[in-house]
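Take a look at the structure below.
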Amino acid sequence: MDRFIGLWALIFVRPLLVLGVLVAAIGVLLVLFSVGYFSVGAYSEAKLDDLAVTQEESGLTFEDLTGDLLTPEPTVAPLPTSTPTVAATVSGPGSAPTTATPPSPTEDNDPLTGDEDDSGLYDEYGILRDYSHYVSRADDGTLLGPIREKFKAVTEDELMDTYGREPRPHHIIIPAIDLESNIIDLNIVWDGETTEWETADHAVGFHVGSATPGEIGNTVMSGHVNSPFAGEGSIFARLDEIAPLLRRGEIVDIIVTAGGDVFLYRATDTTVVLPEDVDVFDYSDGPTLSLVTCAPATTYSHRFIVNATLVGVSRL
Numbered sequence: 393m394d395r396f397i398g399l400w401a402l403i404f405v406r407p408l409l410v411l412g413v414l415v416a417a418i419g420v421l422l423v424l425f426s427v428g429y430f431s432v433g434a435y436s437e438a439k440l441d442d443l444a445v446t447q448e449e450s451g452l453t454f455e456d457l458t459g460d461l462l463t464p465e466p467t468v469a470p471l472p473t474s475t476p477t478v479a480a481t482v483s484g485p486g487s488a489p490t491t492a493t494p495p496s497p498t499e500d501n502d503p504l505t506g507d508e509d510d511s512g513l514y515d516e517y518g519i520l521r522d523y524s525h526y527v528s529r530a531d532d533g534t535l536l537g538p539i540r541e542k543f544k545a546v547t548e549d550e551l552m553d554t555y556g557r558e559p560r561p562h563h564i565i566i567p568a569i570d571l572e573s574n575i576i577d578l579n580i581v582w583d584g585e586t587t588e589w590e591t592a593d594h595a596v597g598f599h600v601g602s603a604t605p606g607e608i609g610n611t612v613m614s615g616h617v618n619s620p621f622a623g624e625g626s627i628f629a630r631l632d633e634i635a636p637l638l639r640r641g642e643i644v645d646i647i648v649t650a651g652g653d654v655f656l657y658r659a660t661d662t663t664v665v666l667p668e669d670v671d672v673f674d675y676s677d678g679p680t681l682s683l684v685t686c687a688p689a690t691t692y693s694h695r696f697i698v699n700a701t702l703v704g705v706s707r708l
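As C-alpha cells, then:
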C-alpha cells in the first residue's frame, strides 16, 4: 500500500520525470520494433532468389503438363440433320409397315463430373454454383479424378486470336495452396499525378487489356500478399508456396472459369522482378497466365510472379 501511495505521490510531485521515463520506454520499444522489422525484411529479401524457379529447374516438360489430359477428337464432317427412321413391320394380315424414330440420347448437363441432370448445380446462365466440385478437401486439395479426366488438351484450332474480346475470367481455383476466389476487373486509374492499376479487395484482380482465357496472349492477374493497414485482404498470401512445389517437379493446377468454360493452366516457372519491370504485360505468342503479388511480405520491394500455360479446357 505504501508503494502504491509513493508511486502516485511521485507522479504528482515529479510529473516531468515520469513523463520522460515513459517517453524513453516508448522510444526503446519503437527502436526494437524497427530493428526487428528491418532485420526480417532484409532476411526476406535475401531469400528472394529462392522464389525464382525456371522450367529447367523443375524439369517439367509440356508432355508432363498434358500427359493426363484427354486427346481432342479429330474434326469430322457433320452428320445429316434429318432424323433417321427405322421400318418396323406390324404383324397382322394386310398391315402396312410403319416407322419409328429412335430415342435421342440423354444430354449430360454436367460434363465435368458425368452426373445426371441436376438443375440445382447450375445458375440460369449454366455456370456452376458450387465450385467445390473441382476440389477434394479430403485429398489434400488435389483435383478430383473425374474432374481432371474431363479436361481436353488444348489445340490451336480452339484458341481464339481475338485479343481482349472473349469473356473475362470470373473465378479461380489453385488447389495446391487451397485458394478459391472470385475475379474482379482491374483498370488503370489516374491518381492526380500518375496512372496506376486498381487493386482488388479480398479477391484476385484481372488486368483489363491483357488476354482473356482461351486466347493467344498473356492473361495477367494480381492480388495482395497482405494488407494490414488498408485492410484489402491477403488473397495471394500463399502464392510463393508454388515455387518450392515446382522445384520438386510437382504439377500445380490453376483453374480459371470464363463465360461458360473452364480453363486448366499449369504453372511452368516463377520469377522475381522489380516493381518497374512491366514485361509481365508483354504480348505472348501462346496462351499463358501470370499471377502477380508483392514480395517479400514485409517490404514489398519486389514482385513475385507465377507463370503458367494453358493446357486443357472443359466446355460447359
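Offset between the sequence shown (1-based) and the working numbering: plus 392. For each residue, glycine too, the CB sits at the ideal point set by N, CA and C.
Sequence-distant residues of its chain with Cβ nearer than 7 Å to residue i (five each side left out)
i	result
A545	T458, L461, L462, T463, P464, V703 and G704
G412	none
G625	D593, H594, H616 and S619
Sequence-distant residues of the same chain with beta carbon closer than 6 Å to residue i, five excluded per side
i	result
S450	L638 and G641
P561	I575, F598, P605, V648 and A650
V600	D577 and N579
Under 8 Å between C-beta atoms of residue i and residue j
i	j	result
L656	V698	no
I634	I569	yes
D645	R658	yes
G615	G597	yes
N579	E588	no
T685	V581	no
A595	S619	no
G419	P559	no
V672	S706	no
E607	T554	yes
Spatial distance of residue i from residue j (CA atoms)
i	j	result
L452	V665	22 Å
I627	A416	39 Å
L443	F696	8 Å
A455	P667	The sequence given here places Glu at residue 455; Ala does not occur at that position. C-alpha separation (whole angstroms): 33 Å.
T604	P567	21 Å
G584	I643	44 Å
T586	V670	16 Å
L551	S602	15 Å
A592	L414	41 Å
E448	R557	34 Å
V445	L421	39 Å
Beta-carbon separation (whole angstroms), residue i vs residue j, contact threshold 8 Å
i	j	result
T660	A700	6 Å
P688	L440	7 Å
* Does the segment 611-622 come within contact of the segment 672-684, defined as at least 3 CB pairs closer than 8 Å? -> At 8 Å Cβ cutoff, the stretches touch.
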